[in-house]
Amino acid sequence: MLELLTPAGNLKKLKCALHFGADAVYIGGKDFSLRAYADNFGDEDICEGIAYAHERGKKVYVAVNIFAHDADIAPAADFFRFLQAVHTDAAIISDLGLISLCREVAPELAIHVSTQANTLNSRTVQLYKSMGAKRIVLARELSLSEAKAMHDACPDIEFEAFCHGAMCVSYSGRCLMSSYFTGRSANRGECVQPCRWSYKLVEEQRPDEPLSIEEDARGTYILNSKDMRLLSRIPSLAEAGICSLKVEGRMKSEFYIATVASAYREAIDEYLSLGYISREAALNAKLERVSHRPYTEGFLFGAPLDSISYDSTRTREKEIYVATVLSYSEGIATVEMRNRFKTGDTINILSPSPADGKRFVLGEISDPADGSVTDDAKLVQHIYSFACPYPLLEGDLLTRDAE
1185 MLELLTPAGN LKKLKCALHF GADAVYIGGK DFSLRAYADN FGDEDICEGI AYAHERGKKV
1245 YVAVNIFAHD ADIAPAADFF RFLQAVHTDA AIISDLGLIS LCREVAPELA IHVSTQANTL
1305 NSRTVQLYKS MGAKRIVLAR ELSLSEAKAM HDACPDIEFE AFCHGAMCVS YSGRCLMSSY
1365 FTGRSANRGE CVQPCRWSYK LVEEQRPDEP LSIEEDARGT YILNSKDMRL LSRIPSLAEA
1425 GICSLKVEGR MKSEFYIATV ASAYREAIDE YLSLGYISRE AALNAKLERV SHRPYTEGFL
1485 FGAPLDSISY DSTRTREKEI YVATVLSYSE GIATVEMRNR FKTGDTINIL SPSPADGKRF
1545 VLGEISDPAD GSVTDDAKLV QHIYSFACPY PLLEGDLLTR DAE
C-alpha cells in the first residue's frame, strides 16, 4: 500500500480530495495547527469529516503541530482526548511536550511526528518510536538515499514524505521572519510568507538609496523557493521505504486539490500495477494546469542548486473552475456555479471516472428551480442544469480554459 495523503482546509475540500483519489487527508482544528489562516475545522466538522472518510474506507489525520507554550497544554490535552473519542486516525505533532502529553491523555490516538520536528537521522527516529510515534514525516532536507538509509535502519516505523507543493526557504519551515517583520509567528500557524517578498539592500550611510539585490540579472526574490513536484519519482520514493506521499496545501483551492490528487492517484495506481508510470508525461502536463511556481525536486538528490524562484509571480491557472457537479441523470448535469460560464463555452471535465479530460460545448442553461432558461450563468453558487454528453459523478469539477 502506498498512501496518497492530501490537504483539506475545510469540509468541502476534504470531500473533494477523497472523491479524486486521496487515501487520507490531513486537516487542522481551530487551534494548534500551523495554518491559522485556512478555514480549518470546528469540532462538529471534524466529526463529520471523519465519519465521511471512514464510510469510504479513508483516513483523517489532524495537525496539532504548533510549538506549544505552557498556556497551550491544558487545552491541547482536551483536544487530544476529543480526537481519540471521535476515532481520528492520527495526530500530527511536532512538539516533544505535546507528543508526551498525547501519549498520556489519549493513549489510543496514533502519533505522526510532523515535518516541523526536522527528523534527519535514525537515532531521532528511534527516540520518537520509544515515545510511541507510529510514523515520521521526514524533513524536506533529506535526500532519497538518506531516507532509504533511515528506513533500512528503522524498518518497524512508517515514513511519510512530501511529494508536491510549496517549499519553505527555512529549515523545515521553522522560520522567524514572519514573527520578526509582522509579529505573526510561523511556528504558531500565522506565517505571512515574507520569503515571497521582494527585498532591496540599504547601505547604512545612504538609507534613502535602496539598491536592488540582483541574482544573475533575473530578479530580487532571493528567498522565494520553487514548488516541489516528485510525480516522476514515485517508484524511487516507494523503493526507499516511503509509505505515504504527502501533498502540501491546506489553503489551496478545490480545483488545485482535485487536479493534483487525480494526477498522483493515477501515477500511484500505474506504478503499483505496472511497476512504472506509463503516462508520466501526460500526468506532469496535468500538474502544469494549476497555479504554481517553477517546479523542483528539492533535496531529493542532495543539496539543490536550482531551488530559488527569481520571480514573485506564480503561473496562472490554465483553467477556471466554473462548477461542481451535484447530480447527473439522463444526460442532464445539475451543478453548483463557482465562476461564470456561458452558452457556447467549451467545458472541461475533471473526474476520477472515464469522463476525465473530456470536453463539450455548453448549450442551453436552465434553472431547475423554476425552469427558466439563460445563456449566462453568473449567479454565484446558484444551481444550474444543462445537457452533457458524458456521464458525470457527484463531486466532479467542471472548468473552462482561462482566457
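Be aware that the sequence shown starts at 1185, since it is given in my numbering, and climbs by one per residue.
Idealized CB from N, CA, C, for every residue including glycine.
Note that the structure is predicted; figures quoted are calculated from it, not measured.
1. Return the residue from the list S1437, L1415, I1441 that minimises the CA-CA distance to L1429.
2. Between which two residues does the alpha helix (DSSP H) carrying H1238 extend?
3. Could you have a look at A1586 and say whether DSSP puts it in helix, strand or coil?
4. Helix, strand or coil for R1522? Go by DSSP, reduced to three states.
5. Measuring only the C-alpha atoms, how far is I1461 from R1449?
6. So what's R1413 in DSSP terms, helix, strand or just coil?
7. Determine the direct distance from the alpha carbon of K1332 to that of P1339, and round the result to whole angstroms.
8. If I follow the unbroken beta strand (DSSP E) through L1322, where does it start and stop?
9. State the CB to CB distance for the pair Y1479 and R1413, rounded to an integer number of angstroms; the pair is presumed to be in contact (CB under 8 Å).
10. If you reduce the DSSP assignment to three classes, tell me which class D1262 lands in.
11. Measure the C-alpha to C-alpha separation of I1283 and I1295 and round it to an integer number of angstroms.
12. Using the DSSP secondary-structure output, state which residues sit across from E1187 in a beta bridge.
13. Where DSSP assigns a beta bridge to K1243, which residues make up the other side?
14. Could you give the DSSP three-state label for P1536: helix, strand or coil?
15. Spatial neighbours of L1202 within its chain, please: C-beta separation below 8 Å, excluding the five flanking residues on both sides.
16. Only counting the same chain, and skipping five residues up and downstream in sequence, which positions put a Cβ closer than 7 Å to that of R1324?
17. Quick check: what's the CA-CA separation for L1267 versus I1341?
18. On the DSSP letters alone, give me the boundaries of the alpha helix (DSSP H) that I1295 sits inside.
19. Taking the straight line between their C-alpha atoms, what separation do you get for P1291 and A1469?
20. Which class does Y1440 belong to by DSSP, given the choice of helix, strand or coil?
21. Report the option in K1562, C1572, E1520 whose CA atom is closest to the CA atom of F1544.
22. Count the other CB atoms, across all protein chains shown, that sit within 10 Å of the CB of L1285; report buried if there are 16 or more and exposed otherwise.
23. Rounded to whole angstroms, what is the Cα-Cα separation between H1348 and I1441?
24. Which of the three DSSP states, helix, strand or coil, is assigned to I1461?
25. If we count the other Cβ atoms within 10 Å of its Cβ and call it buried at 16 or more, is E1432 buried or exposed?
26. Identify the residues that DSSP records as bridge partners of T1480: which are they?
27. Is L1467 closer than 7 Å to A1487 when the C-beta atoms are compared?
28. Kindly indicate which three-state DSSP category Y1512 falls into: helix, strand or coil?
29. Three-state secondary structure (DSSP) at T1499?
30. If we require 3 or more residues per run, which beta strand (DSSP E) segments fall completely within the stretch 1269 to 1352?
31. Would T1366 be called buried (16 or more neighbouring beta carbons within 10 Å of its own) or exposed?
32. Return the first residue and the last residue of the beta strand (DSSP E) that A1571 is part of.
33. Which same chain residues end up closer than 8 Å to A1451 when comparing Cβ atoms and leaving out the 5 residues on each side of it in sequence?
34. If you drop the 5 nearest sequence neighbours on each side, which residues of the same chain put their C-beta closer than 8 Å to that of F1439?
35. Can you confirm whether K1430, when its beta carbon is compared against all beta carbons of chain C, has any partner nearer than 7 Å?
36. Just to confirm, are R1477 and D1411 a CB contact at a threshold of 7 Å?
Reading it off the structure:
1. One-based indexing of the sequence shown puts residue 1429 at position 245. Checked all of S1437, L1415, I1441; the closest Cα to L1429 is L1415.
2. On the sequence shown, residue 1238 is found 54 positions in, with the first residue counted as 1. Its alpha helix (DSSP H) spans residues 1227 to 1239.
3. As a first step, residue 1586 is located in the sequence shown; it is residue number 402 there, counting from the start. In this structure, A1586 counts as coil in the three-state DSSP scheme.
4. The count along the sequence shown starts at 1 and reaches residue 1522 at position 338. R1522: coil per DSSP, three-state reduction.
5. Sequence index remark: in the sequence shown, residue 1461 carries index 277 (1-based). Sequence index remark: in the sequence shown, residue 1449 carries index 265 (1-based). If you take the alpha carbons of I1461 and R1449, they lie about 11 Å apart.
6. Within the sequence shown, numbered from 1, the residue matching residue 1413 stands at position 229. If DSSP states are grouped into helix, strand and coil, R1413 belongs with the strands.
7. The residue labelled residue 1339 in the question sits at position 155 within the sequence shown. The residue labelled residue 1332 in the question sits at position 148 within the sequence shown. Rounded to the nearest angstrom, the two C-alpha atoms are 10 Å apart.
8. The count along the sequence shown starts at 1 and reaches residue 1322 at position 138. Careful: L1322 lies outside any beta strand (DSSP E) and carries neither H nor E.
9. Position 295 of the sequence shown, counted from the first residue, corresponds to residue 1479. Position 229 of the sequence shown, counted from the first residue, corresponds to residue 1413. Their Cβ separation, rounded to whole angstroms, is 4 Å, which keeps Y1479 and R1413 in contact under 8 Å.
10. Taking the sequence shown and counting its residues from 1, one reaches residue 1262 at position 78. Here D1262 sits in helix by DSSP.
11. Translated into the one-based positions of the sequence shown, residue 1283 becomes position 99. Translated into the one-based positions of the sequence shown, residue 1295 becomes position 111. Cα-Cα distance, rounded: 7 Å.
12. Working through the sequence shown from its first residue, we reach residue 1187 at position 3. In DSSP, E1187 forms a bridge with S1428.
13. As a working mapping, residue 1243 is identified with position 59 in the sequence shown. Beta-bridge pairing links K1243 to A1208.
14. As a first step, residue 1536 is located in the sequence shown; it is residue number 352 there, counting from the start. Residue state, collapsed to three classes: coil.
15. Taking the first residue of the sequence shown as 1, we reach residue 1202 at position 18. Only V1209, Y1236, A1237, R1240, K1242 meet the Cβ criterion.
16. Residue numbering aside, residue 1324 sits at position 140 when the sequence shown is read from its first letter. Contacts found: T1299, F1346, M1351, S1356, G1482, F1483.
17. Residue 1267 sits at position 83 when you count from the first residue of the sequence shown. Residue 1341 sits at position 157 when you count from the first residue of the sequence shown. So the two alpha carbons sit approximately 22 Å from each other.
18. The residue given as residue 1295 occupies position 111 in the sequence shown. It is not in any alpha helix (DSSP H) - I1295 instead sits in the beta strand (DSSP E) that spans 1295 to 1297.
19. Locating residue 1291 in the sequence shown gives position 107, counting from the first residue. Locating residue 1469 in the sequence shown gives position 285, counting from the first residue. Computed Cα separation, rounded: 44 Å.
20. Taking the sequence shown and counting its residues from 1, the one referred to as residue 1440 is at position 256. Residue state for Y1440 is assigned as helix, using DSSP reduced to three classes.
21. Position 360 of the sequence shown, counting from 1, holds the residue named residue 1544. Residue C1572 is the option with its Cα nearest to F1544.
22. Locating residue 1285 in the sequence shown gives position 101, where the first residue counts as 1. Buried, by the Cβ-count rule.
23. Looking up residue 1348 in the sequence shown gives position 164. Looking up residue 1441 in the sequence shown gives position 257. The straight-line gap from Cα to Cα measures roughly 11 Å.
24. For the purposes of this step, residue 1461 is identified with residue 277 of the sequence shown, where counting begins at 1. Of the three classes helix, strand and coil, the one that applies to I1461 here is coil, per DSSP.
25. Position 248 of the sequence shown, counted from the start, is the residue given in the question as residue 1432. Buried, by the Cβ-count rule.
26. The sequence position of residue 1480 within the sequence shown is 296, counting from 1. Answer is M1412.
27. Within the sequence shown, numbered from 1, the residue matching residue 1487 stands at position 303. Within the sequence shown, numbered from 1, the residue matching residue 1467 stands at position 283. No, Cβ-Cβ distance for A1487 and L1467 is not below 7 Å.
28. Taking the first residue of the sequence shown as position 1, residue 1512 is located at position 328. Y1512: strand per DSSP, three-state reduction.
29. Position 315 of the sequence shown, counted from the start, is the residue given in the question as residue 1499. Assignment of T1499 by DSSP, reduced to helix, strand and coil, places it in the strand class.
30. 1274 to 1277, 1295 to 1297, 1319 to 1321, 1342 to 1350
31. In the sequence shown, residue 1366 corresponds to position 182, counting from 1. Looking at its Cβ environment, which holds fewer than 16 other Cβ atoms inside 10 Å, T1366 is exposed.
32. Position 387 of the sequence shown holds residue 1571. Here the beta strand (DSSP E) through A1571 covers 1567 to 1571.
33. For the purposes of this step, residue 1451 is taken as the residue at position 267 of the sequence shown. Closer than 8 Å at Cβ, skipping near neighbours: L1415, I1418, I1461, R1463, E1464, L1467.
34. As a first step, residue 1439 must be located in the sequence shown, where it is residue number 255. Once the five neighbours on either side are set aside, the close Cβ partners of F1439 are V1474, E1501, E1503, Y1505, L1534, L1581, T1583.
35. No chain C appears in the structure shown, which is made up of a single protein chain.
36. Counted from its first residue, the sequence shown places residue 1477 at position 293. Counted from its first residue, the sequence shown places residue 1411 at position 227. Yes. Within cutoff.
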